[in-house]
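Participant:
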Ligand code: ADP
Ligand code: MG
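Numbering (my numbering), first residue to last: 1248 to 1852.
Structure below.
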């Protein structure tokens, strides 16, 4: 027998989708406050929202006659022209309040802006009581007590108080990033979790400030502005330098027409834009705001309205990738300040104990290094990559003189400074105008070679160099079989390979950019890496990956002694090379400590 379900059961079913946990309840109530034009929204929770959720706003309020309607299913004041494709409000489905009312003890107290008295409506598990006069300033307070007490089965799905609280914090913070002008505060039974103040409508810096309050101050300090208009879209916001990255996507935020959304198109666009700079398991911090006419995006694809569908997702994806890449390109060789702060943190003693005093010892200067000192030893030519050789060849005597006799004033001209020494055959120490620069020679050179390869591949084919004697490399049959489909792609990256017998391959040509390398090791690495990249990875991404591996093999290694000329040549190349502040995995290639950092380190300030 088929029968129509009673209204309250329908509402309880809807509650499972619309307000499946305290955080989604809070989100719906805060969205209602935003739609009502509130300037300040105060939220109180108890027991992770299970015992109590109270949201108070100073918006326009609800008129007495509208109060009973607010808790009717599919009753809304928002979808005025009945056009689902012209949505300009956070709400439009008219489902939240009836759903919440069906599963909790709900009380709505409100005073409308045009009224001189406030009214209260109570609903307990769907049972509505008559309206009561109440005391309340303009605006609305909604209290939800004992959420899901009417559907005990659902209570069992809730997590610990701290997990539910964390989800509530995240839900409100996402809205607070989308509405930086509005004040938001959250308290629980013990403390204030945050209190973001409202800003004046003409305070244009408030968005970045709010992002800093929520994502951490290092974000505004290390974020690059994004602004890109492409009719009918407008994309603004900030993206972090690649060296400021995280282990999850939790700090990737997209807001579409004022609504924070989780979106696959966005996630993949961010991944592609940063693909050159980050290891696969690291994620950049990003906050982007996309505006478009409502017609270009379907907001009604998810009961909790947290997903959208773009009319032209390819165009949106291209816009996001292009805008992020443009911002990153503009950053040049910059690495995030967090890098130097971390370095400083690691070097500083935890506390400077006043009891401890260094024993002063007479300082005996060492004898000057002999003429054949390691720091100026020349490097056998063939071992350097093409890039380094070129820079060595172009070193004019005057330049070399300059390198040795670098006067402090020359350090303006060179942001990464003048090389002073190499330590552990791995790090270059340079004096810059601001202070001290420490460069990881392998990471930095790897980046330079990679960028050079990319640039050449974009304009012409990568030059190959024929090996005098082709190199035979023994692999397993399975490895040869796995590698074969990639031969053509490897050729575009400068590697000419043929099958030789059953389980051997023949390498005839290698990228000219590399100079002399260990071909066998490079091929073995590529075999492993290509096997790891699954089939879904696009050709472009594969090529980038292969180039990165080639660059790694073609770069000066840690453990190589460099002359001052070589060190300075490397620093100058870094300055000219985009993205040279980070290696291909998002780690920094250099750390800069300012003079004041050094003073701090030695307690001189
Ligand atoms: P929707 O937001 O989709 O319209 P809701 O069930 O969330 O559906 O709310 C129903 C109606 O109650 C809203 O359309 C609005 O008119 C009114 N309302 C709810 N919360 C508030 C509030 N805080 N301030 C003013 N009006 C509100
Ligand atoms: Mg709503």
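We treat Cβ as the ideally placed atom computed from N, Cα and C, and that holds for glycine.
1) For residue 1263 and residue 1430, I'd like the C-alpha separation in whole angstroms.
2) For residue 1309, is the beta carbon positioned less than 7 angstroms from some heavy atom of the ligand ADP?
3) Leaving out five residues before and five after residue 1276 in sequence, what residues of the same chain have Cβ atoms less than 6 angstroms from its Cβ?
4) Which runs of the alpha helix (DSSP H) fall wholly inside the region 1327-1388 and span at least 4 residues, in chain order?
5) Roughly how many angstroms lie between the CA atoms of residue 1675 and residue 1835, to the nearest whole one?
6) What did DSSP end up calling residue 1464 once you bin it into helix, strand or coil?
7) To the nearest angstrom, report how far apart residue 1497 and residue 1420 are at their CA atoms.
8) Consider the C-beta atom of residue 1282 and the heavy atoms of the ligand ADP; say whether any pair is separated by less than 7 angstroms.
9) Starting from the N-terminal end, write out each residue whose C-beta falls within a distance shorter than 6 angstroms of any non-hydrogen atom of the ligand MG.
10) Would residue 1349 pass as a contact of residue 1279 if the rule is Cβ separation under 8 angstroms?
11) Enumerated in chain order, which unbroken segments of the beta strand (DSSP E) with a length of 3 residues or greater are wholly contained in the region 1710-1742?
12) So what does residue 1691 bridge to, in DSSP terms?
13) Closer than 8 angstroms is the cut-off here; do at least three beta carbon pairs connect the region 1542-1560 with the region 1329-1349?
14) In the DSSP assignment, what residue or residues form a beta bridge with residue 1431?
15) What separation, rounded to the nearest whole angstrom, lies between the Cα atoms of residue 1317 and residue 1352?
16) To the nearest angstrom, report how far apart residue 1677 and residue 1829 are at their CA atoms.
17) For residue 1314 versus residue 1368, is the C-beta distance shorter than 8 angstroms?
18) Please tell me whether, using a cut-off of 7 angstroms, the distance from the CB of residue 1345 to the nearest non-hydrogen atom of the ligand ADP is below it.
19) Strictly under 8 angstroms for the Cβ-Cβ distance: is residue 1266 near chain B by that measure?
20) List the whole-angstrom C-beta distance separating residue 1501 from residue 1281, where the pair is believed to meet the contact cut-off of C-beta under 8 angstroms.
21) Report the rounded CA-to-CA distance for residue 1777 versus residue 1734, giving the unit in angstroms.
22) Output the boundary residues of the alpha helix (DSSP H) element that contains residue 1563.
23) With distances taken Cα to Cα, identify the nearest neighbour of residue 1755 among 1270, 1745, 1848 and 1401.
24) Drop a sphere of 10 angstroms on the beta-carbon of residue 1332, count the other beta-carbons inside from all chains shown, and report buried for 16 or more, exposed for fewer.
25) At the level of alpha carbons, what is the spacing between residue 1701 and residue 1800?
26) Is residue 1487 closer than 8 angstroms to residue 1424 when the C-beta atoms are compared?
27) Could you tell me which of 1253, 1270, 1848 and 1556 sits nearest to residue 1409, measuring between CA atoms?
28) For the alpha helix (DSSP H) containing residue 1414, name the first residue and the last one.
29) Quick check: does the Cβ of residue 1340 come within less than 7 angstroms of any heavy atom belonging to the ligand ADP?
30) How many Å lie between residue 1767 and residue 1804 at the Cα?
31) Check each candidate in 1560, 1684, 1739 and 1726 and name the one with the smallest Cα separation from residue 1705.
32) Pop quiz: residue 1394 and residue 1480 are said to be a contact at Cβ under 8 angstroms. What is the actual Cβ separation, rounded to whole angstroms?
33) What first and last residue would you give for the alpha helix (DSSP H) that runs through residue 1844?
34) Is there at least one non-hydrogen atom of the ligand ADP closer than 7 angstroms to the beta-carbon of residue 1325?
35) Cutting at 6 angstroms between CB atoms, please list the residues of its own chain near residue 1435, excluding the five before and the five after it.
36) Does the separation of the CB atoms of residue 1697 and residue 1798 fall below 8 angstroms?
Facilitator: Result, derived from the coordinates:
1) 30 angstroms
2) yes
3) 1302 and 1389
4) 1343-1350
5) 14 angstroms
6) coil
7) 12 angstroms
8) yes
9) 1275, 1278, 1279, 1338 and 1343
10) no
11) 1711-1721
12) Residue 1691 pairs with nothing; no bridge assigned.
13) yes
14) 1288 and 1443
15) 15 angstroms
16) 17 angstroms
17) yes
18) yes
19) Looking for chain B here will not work: only one protein chain is present.
20) So it is not a contact: roughly 18 angstroms between Cβ atoms.
21) 11 angstroms
22) 1560-1577
23) 1745
24) exposed
25) 15 angstroms
26) no
27) 1270
28) 1408-1425
29) yes
30) 17 angstroms
31) 1739
32) Not really, about 39 angstroms apart at Cβ, beyond 8 angstroms.
33) 1842-1848
34) yes
35) 1292
36) yes
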